[in-house]
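There are 2 protein chains.
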Amino acid sequence: MAMSGRGSRSRINAVTRRTFLKALGAAGGSAAVLGAMTAWGMAEDGSGQAEPPQLDGDVDGARVIVIGAGPAGLATAYELSERGYDVKVFEARNRVGGHVFTVRGGQVSEEIGTAPQVARFDPGQYYNAGAWRIPYYHRATLYYPKLFGVKMIVHKNINHQAYSYMENVRGQDGGRKMVLRELYGDMTGHTSEMLAKAIDQNQLDLDLTQEDQEDLLTYLQQEGVLSSSDYSYGPNNSRGVDQYAGPGNQPEIDSTPRDLLDILSFATATAQQASIIYRMAPLLEMQETMQTPEEGMSAIYERGFLPRLKDRVQFNAEVLEIHQSPDSAWIVYRNKETGQTEQHHAEYIVSTIPLSVLKDIPADFSSAYKEAILAGSNYLSVGKMGLQFKRRFWEEDEWIYGGITFLDNPQIGTISYPTWGMLTQKGVLQAYYNFGDDATQVGNMTPAERIETAIAAGERIHGAPYRDEFESGFSVSWDRVRYSNGGWSGWSASAREQYYDTLLEPDGRIYLAGEMLSYVPGWQEGAISAAWMQVERLHQRVMQS
Amino acid sequence: MAMSGRGSRSRINAVTRRTFLKALGAAGGSAAVLGAMTAWGMAEDGSGQAEPPQLDGDVDGARVIVIGAGPAGLATAYELSERGYDVKVFEARNRVGGHVFTVRGGQVSEEIGTAPQVARFDPGQYYNAGAWRIPYYHRATLYYPKLFGVKMIVHKNINHQAYSYMENVRGQDGGRKMVLRELYGDMTGHTSEMLAKAIDQNQLDLDLTQEDQEDLLTYLQQEGVLSSSDYSYGPNNSRGVDQYAGPGNQPEIDSTPRDLLDILSFATATAQQASIIYRMAPLLEMQETMQTPEEGMSAIYERGFLPRLKDRVQFNAEVLEIHQSPDSAWIVYRNKETGQTEQHHAEYIVSTIPLSVLKDIPADFSSAYKEAILAGSNYLSVGKMGLQFKRRFWEEDEWIYGGITFLDNPQIGTISYPTWGMLTQKGVLQAYYNFGDDATQVGNMTPAERIETAIAAGERIHGAPYRDEFESGFSVSWDRVRYSNGGWSGWSASAREQYYDTLLEPDGRIYLAGEMLSYVPGWQEGAISAAWMQVERLHQRVMQS
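Protein sequences appear in the order of chains A and B.
Under the numbering used here, the letters of the first sequence match residues 1 to 545, in that order.
Under the numbering used here, the letters of the second sequence match residues 1001 to 1545, in that order.
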């Protein structure tokens, strides 16, 4: 899950663990699945696969059609072609990457039913309208930039100099913004003080030795920056200062905390809204250090995969039909450059088409397979916008270098600041990242209305520069994007229980691959690791045939 | 304070605030000081000076000698020469930067009484043996890379995939390492659970409305990843997972917390040892986002200042004597290239020589001034080492991209991982950063012994690769470094009270500048902001003369 924004927490794991254990216990027909699991997930440290499968044996130039040049398609094509397969990739768009989509100047929008947009970003400016950050433990994703020498930089997800902006809270801070550092520092201080005093005054029924109690008090004193004498939370510099240390007679002056009751409602709303990052120990997938290619996420595919696959990728090839017989598999596609309808034949097909699109493509799938595709085709609506500003006012005026500001305006959700090009002149903000119905609502606006919505929200936080320094914007509403029809797969627990396993298996000569065949939906990791899984299975089959 | 390592916390501010208020109330003779304070530190937001002083008027080519080509010296020289002053910088070394010292291959050591070292780092590899990170609010420091277009990247200070390694703790984890994520996650969970249950069971005398109590419980539930039903802390993915989510039938499996009493002693030791960073809300100067030049900290001076000052910097010029008369000021220096003793005359001198060195240079200072220099000359002993490894095993094997591992071995203190060159082959770790007596002890070792000390400590944490993949090391013990005699200034409260103000004023035609004239010792910010302060004072005097 790339970023669910609100609500869903890791309690999902209670369900998935049961699913997993059930799968582990299953017999009959799933021996292959269990074999794959052993290969893929059950390393002693639970780390999953860090490298693509070793494919041994002579493949004798077996032909494979790969549909889609996103992460799953290119990983499939690369690994198979490295091993001697005769691979051809058919991509409906004129670019690689799929949902990995770095928008640079000149980029044309791909939405259906929205007025066309052309990105007017300056040379060197961009934003990632799709995948934008890679967690440190996504080993399959990180494998390729290392292999291809794609330069990586830190993506700062967490920056406590950014804000929380909550309108719908009780108390005096409703409708205002707070610097996350002050909010988090004060909440940690106040709650540490409460617990430390309760322990110190023996108000709790704790079965602690004297030594343990002293340790715990010391811990809380450190954690909350409490007074070591009476465990009170007072002025400190962790929450900020009234005066920064400077030259001459300019000592630092600690700032004074705000009262708990003045910020409690605000903090609680923030913790709920932004829990995935607000916490010190956020969801694993948001923890530091995240990385991203310096030149935009598409660089992994444009500069990494594409030069190594060049002649094997056919762009502007919109697949119209998918066919198979006992002996072969083929596609019918429209060559958008010539307008002609053409065919291509192979022994196998690996389709990485999103289920939300695949469901409408005539294909020689069994009815059970079609049913499963339909069951998994309910993709999440996701939207993003990039705004270019004349001046990085968030750095110059507000000292924010990367990180995320949280809003309780769900049409915006977050404003994210770039962690590249710091201290340069211009920059592109990620001005919103919305989900579900909120994303659909914003997607229903014209591009100009979307920009106005973003600016109106941003200027309430950043003031006049957010409007005055604005230069250009480019938005993507993924459920309107042709060939995507949504952000990423959204298996319900019941649909996954009933249909998911079906799609892990090939239907005849046709395999699927993509993030929808993983428990890492919406991340490149899901797409690439699922591709590796299917590559290995396909290869085993070729070797046995 | 660049990083005090252990112990000293922001309670220092209780003292400095008094000093400050006292200074504010002082009359007679300090009008200039107070004027400067208004200019320098008392902006409404307490932000200090973000830009160098505006110097108006015709300076008529007034000549100024600047001694030292570190941050203070180069900032002084640049601002004055931009304004029309005839500036000459005399630098005893053959490099700029002073305590800003990016060690690259071929660099020769500068220590006295230590066997010579030559850095054997590969091309492109380096570590910063001096300043290495810039906090987001150090506006004077960040002014120059922006002005000069020096490319900046994120310096990751905080990474919870790194370790705490504590030997001297009670309980089963003594002598072992813990991943900071697990340790912090569990402590936050357990303490949140304790407080939430106490509140829920009305064990505390809290004067909260029902609404506030519910908010607080919700907050703690979010913060501690507690069960929303009974506020218990259980399996979660924030502390880590037993299995990572993956393709096929590989769901994520939450990991199970460790018991509070199993980790309490370990966590308390970590919080004390690493409090400046371990906490979510660490000391302000350690908070995200920190930055550093991509090519090493020296790049600000080598690529920024030096090309703009080139002819005005004389290297290998060791100042032997500092003189002044009512009409002029001059230095006697040894030209280390020719071996000759030479003189240079000007109207004014700005000395950025560390007080620990200046105290031994014959100079026409008043006895009160000499006394103040001596009082401030007790500099902190600081040591660092960089180790180059054949392979970035901390990334490949342990998934650590930047951040800091903490040890309770004070000769090592910390191991820090580079946040540049991620996913490339080789890398240079900062293998220790020690202070005070510990730094002195390590400094007394031979370079080879220092390396063995570092490797012996590191392999207890990182295992065999720390020795097997080692290629070369280079250490700096700053109190042995010629022309430095220490890491940075260490004003005691009493010495600052009694002597500091004296040095803020010029002695005749001689001004001092450097981090020792600030409340930001050991940071470039202190050096540059103090330089700006003295530049403005000098200019005001020139305009009035």
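Just so you know, even glycine gets a beta-carbon here, dropped at the ideal spot from N, CA and C.
Residue i at chain B interface by Cβ criterion, 9 Å
i: Ala530/A; result: yes
i: Tyr126/A; result: no
i: Val520/A; result: yes
i: Glu525/A; result: yes
i: Arg133/A; result: no
i: Ser232/A; result: no
i: Thr268/A; result: yes
i: Leu355/A; result: no
i: Asn237/A; result: yes
i: Lys370/A; result: no
i: Gln222/A; result: yes
Nonlocal neighbours in the same chain, by C-beta distance under 6 Å from residue i, ignoring five residues either side
i: Glu1536/B; result: Pro1053
i: Ser351/A; result: Ile67 and Leu512
i: Lys177/A; result: Tyr163, Tyr165 and Ile461
i: Arg541/A; result: none
i: Asp1242/B; result: Ile1253 and Ser1255
i: Ala1043/B; result: Confidence at Ala1043/B is low in this model, with a pLDDT of 37, below 50, so the placement of that residue is unreliable and no value is reported for it.
Cross-strand partners of residue i (DSSP beta bridge)
i: Trp1330/B; result: His1323/B and His1345/B
i: Val428/A; result: Gln388/A
i: Ala317/A; result: Asn335/A
i: Leu1512/B; result: Ser1351/B
i: Pro247/A; result: Ser1518/B
i: Lys583/A; result: Residue 583/A cannot be examined here, being either before or after the span of chain A that is shown, 1 to 545.
i: Leu1380/B; result: Trp1488/B
i: Glu1111/B; result: Val1481/B
i: Arg104/A; result: Tyr126/A
i: Gln1291/B; result: Ile1134/B and Val1154/B
i: Lys88/A; result: Ile65/A
i: Val118/A; result: Val108/A
Residue i beta carbon near the ligand SAM (any heavy atom closer than 8 Å)
i: Gly1097/B; result: With respect to small molecules bound, the structure shown includes none, and the ligand SAM cannot be examined in it.
Residues of its chain near residue i, where Cβ-Cβ distance is below 7 Å and the 5 sequence neighbours each way are ignored
i: Gly458/A; result: Ile415, Ala431 and Tyr466
i: Thr256/A; result: Pro235
i: Tyr127/A; result: Val103, Gly386, Val428 and Gln430
i: Ala530/A; result: Ala72, Ala513, Gly514, Glu515, Leu517 and Ser518
Anticipated Cβ contact below 8 Å, residue i with residue j, distance rounded
i: Tyr278/A; j: Gln1161/B; result: Tyr278/A to Gln1161/B, Cβ: 19 Å. No contact.
i: Ala274/A; j: Phe406/A; result: 4 Å
i: Val1476/B; j: Lys1384/B; result: 5 Å
i: Gln291/A; j: Met1422/B; result: 6 Å
i: Val357/A; j: Gly487/A; result: In fact, because the Cβ distance is near 13 Å, the residues do not count as touching under 8 Å.
i: Gly413/A; j: Ile158/A; result: Not quite, the Cβ-Cβ distance comes to about 16 Å (not below 8 Å), so this is no contact.
i: Glu1182/B; j: Leu1226/B; result: Not a contact, Cβ separation roughly 17 Å.
i: Tyr1078/B; j: Leu1355/B; result: Their Cβ separation, rounded to whole angstroms, is 23 Å, which puts Tyr1078/B and Leu1355/B out of contact at 8 Å.
i: Ala1346/B; j: Arg1063/B; result: 4 Å
Chain A contact for residue i (CB, 9 Å cutoff)
i: Asn1168/B; result: no
i: Leu1429/B; result: no
i: Tyr1511/B; result: no
i: Lys1390/B; result: no
i: Lys1426/B; result: no
i: Gly1304/B; result: no
i: Asp1205/B; result: yes
i: Thr1256/B; result: no
i: Arg1181/B; result: yes
i: Asp1501/B; result: yes
i: Lys1177/B; result: no
Cβ-based neighbour list, residue i, same chain, cut-off 8 Å, excluding 5 preceding and 5 following
i: Tyr1469/B; result: Rather than Tyr, the amino acid found at residue 1469/B in this sequence is Glu. For Glu1469/B, where only same-chain residues beyond five positions count, the Cβ hits under 8 Å are Phe1389, Lys1390, Arg1391 and Phe1393.
i: Leu261/A; result: Gly171
Subject >> Whole beta strand (DSSP E) elements within the region 1192-1258 of chain B, 3-residue minimum >> reply: 1236-1243 and 1253-1255
**OP:** Please name the residues in the region 397-410 of chain A whose beta-carbon is closer than 9 Å to at least one beta-carbon of chain C, in chain order.
**Re:** Within the model displayed, chain C is absent; protein chains A and B are what it includes.
Original post:
Counting only runs that start and end within the region 433-487 of chain A, where is the beta strand (DSSP E) found for 3 or more residues in a row?
Top reply: List check, beta strand (DSSP E) in window: 470-477.
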